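S.K.: The structure under discussion is supplied below as C-alpha cells; questions concerning it will follow.
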Amino acid sequence: MARFTLVALALAGIVHTGSALTLGARSETETLHRRWTPTGSSDNSNKCTPLELIWFRSAAESQARLGLLGDPMYSEILKYEPKASAYNVIFNEATYEETVTNFLGGQDATQWINKRAAQCPNQRYVVGAYSKGTLGVHQMFPAADVRPRVAATVVIGDAMRIRPYFPPAALNSTWPSNGERTLSQPCNFNDLICWPGGTDHDTHLYGGYIGQIPALAKFMIDRYQENKRAVFPNAKGIMTNLNQVLSSKDVPGLLKNVVNVLNV
C-alpha cells in the first residue's frame, strides 16, 4: 500500500522544493494552447520555425509554462537553434484515467503536430516529456508522413519502461519505438516509477534529472541535425514556385511564396 501511494504521488506531479514536497500550482484559467517563442512570448502559431519542441509537462505543473524540466530543456535547445519554437501540450488535469478523452495530451499533441506539419512542410520536431507526461507521448499518433520529421524523442522517468499502464487499444506500440537511435529514456537508478523494482521516490523528482538536461538537449539537437540532412521534403514544390517566378510579372508575390515554402 505504501509503495502504491508513493507511485500515485510521484505520477501526480509532486515536485521537490528544498526539503519540502509541494504540489505544482494550477490556475483554472490557464486552459489555452501555449506556444513559446525565443522571446518567451505566447501564441505565435502562424510562423514556421525550423525546429519545434513538443513538450508534455508532469501532471499538476502549471499550463502557464513548460514545467520544471521543460523550460530548461527549451533554453538549452535555443542555444543551438535560436529560432526554435516550443509547444506546451494540453491534457486533462482533472483525472488520469485512460478512458478520458485526451488522456494526458496524446490527442492534443497528435492534432497539433499533424496540423503544424501541414502548415510548415520543412519544420522538424523533437518531443519531450517528464514523469506522467511521458505516458501521453505513448498516446501520440502522428501521421505516417509526419513521423520521419520527428527527429528525437526524450521521455524522462518513463513509467512505460516497466508498467503497462494503458490497455492495448490506447497504446501506440509502433511509435516511439524502444531501441531506435532517435529515442532516449533516461531513468535514474532505483527510481520508483521507471526502474524495475525501484523504491526511491526522491530520485524521480525533477532535482534528480535537472543535471541531465544539457546532454539530453544536445541529443535532440544532434538528431535534428541528422534529420535536416535527409532528403529535402518539398523540393518539387520549390522548383514549381521557382518556375512560376521566372514566368510571372508578380515576382514579389511569388518570391514571398518561395520563402514560405523554404521556411526561412
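Under mature numbering (1 follows the signal peptide of the UniProt record, and there is no 0), the letters of the sequence shown match residues -20 to -1, 1 to 244, in that order.
For each residue, glycine too, the CB sits at the ideal point set by N, CA and C.
Quick caveat: nothing in here was measured; it's all calculated off a predicted structure.
(1) Could you pull the DSSP bridge partners for GLY89 from this structure?
(2) How is the alpha helix (DSSP H) around TYR54 delimited, first residue to last?
(3) May I have the straight-line CA-CA distance separating ALA123 from THR162, to the nearest angstrom?
(4) Of the residues GLU41, THR29, TRP92, LEU49, which one's Cα is nearest the Cα of TYR189?
(5) Which residue from ALA132, CYS100, ILE173 puts its Cα closest to that of ASN207?
(6) For the candidate residues SER55, CYS28, HIS184, whose alpha-carbon lies nearest to that of SER111?
(7) Could you compute how far the alpha carbon of residue 245 sits from the alpha carbon of HIS118?
(8) Using the Cα positions of ASN68 and GLN43, report the straight-line distance between them to the nearest angstrom.
(9) Expressed to the nearest angstrom, what Euclidean distance is found between the alpha-carbon atoms of ASP202 and LEU196?
(10) Is HIS192 near PRO176, with beta carbons less than 7 angstroms apart?
(11) Put ARG127 into one of helix, strand or coil per three-state DSSP.
(12) Could you name the residues that DSSP lists as bridge partners for THR133?
(13) How about GLY116 and CYS174: do their beta carbons lie closer than 7 angstroms?
(14) Run the CB neighbour count on THR90, radius 10 Å, all protein chains shown included, and call it buried at 16 or more, exposed below.
(15) Classify PHE71 as helix, strand or coil using the three-state DSSP reduction.
(16) Determine the direct distance from the alpha carbon of GLY113 to that of TYR54, and round the result to whole angstroms.
(17) Are the CB atoms of ALA109 and PHE199 nearer to each other than 7 angstroms?
(18) Name the one or two DSSP bridge partners that TRP35 has.
(19) What separation, rounded to the nearest whole angstrom, lies between the Cα atoms of ASP180 and ALA40?
(20) Straight-line CA distance for PHE121 to GLY86?
(21) How many angstroms separate the CA atom of LYS27 from the CA atom of ARG209?
(22) Excluding the 5 residues flanking VAL135 on each side, which residues of the same chain have their C-beta closer than 7 angstroms to its C-beta?
(23) How is ASP202 classed by DSSP in three states: helix, strand or coil?
(24) According to the Cβ coordinates, are ILE70 and ALA64 closer than 7 angstroms?
(25) Helix or strand or just coil, what does DSSP make of ASP182?
(26) Using CA atoms only, rank isn't needed, just tell me which of LEU31, VAL106, ASN94 is closest to ASP125.
M.R.: Taking the coordinates as given:
(1) Here the sequence assigns Ala to residue 89, which means Gly is not the residue at that position. Answer by DSSP bridge pairing: none, since ALA89 is not bridged.
(2) Note, TYR54: alpha helix (DSSP H), 50 to 60.
(3) 17 angstroms
(4) Among GLU41, THR29, TRP92, LEU49, the Cα nearest to that of TYR189 belongs to LEU49.
(5) ALA132
(6) HIS184
(7) Residue 245 cannot be examined here, being either before or after the span of the chain that is shown, -20 to 244.
(8) 7 angstroms
(9) 10 angstroms
(10) Before going on, a small fix: residue 192 reads as Gln here, not His. Not closer than 7 angstroms, so no.
(11) helix
(12) VAL107, LEU163
(13) no
(14) buried
(15) coil
(16) 16 angstroms
(17) no
(18) ASN68, GLY108
(19) 20 angstroms
(20) 8 angstroms
(21) 22 angstroms
(22) ALA109, THR114, VAL117, GLN165
(23) ASP202 carries a helical assignment under DSSP once its states are collapsed to helix, strand and coil.
(24) no
(25) helix
(26) ASN94
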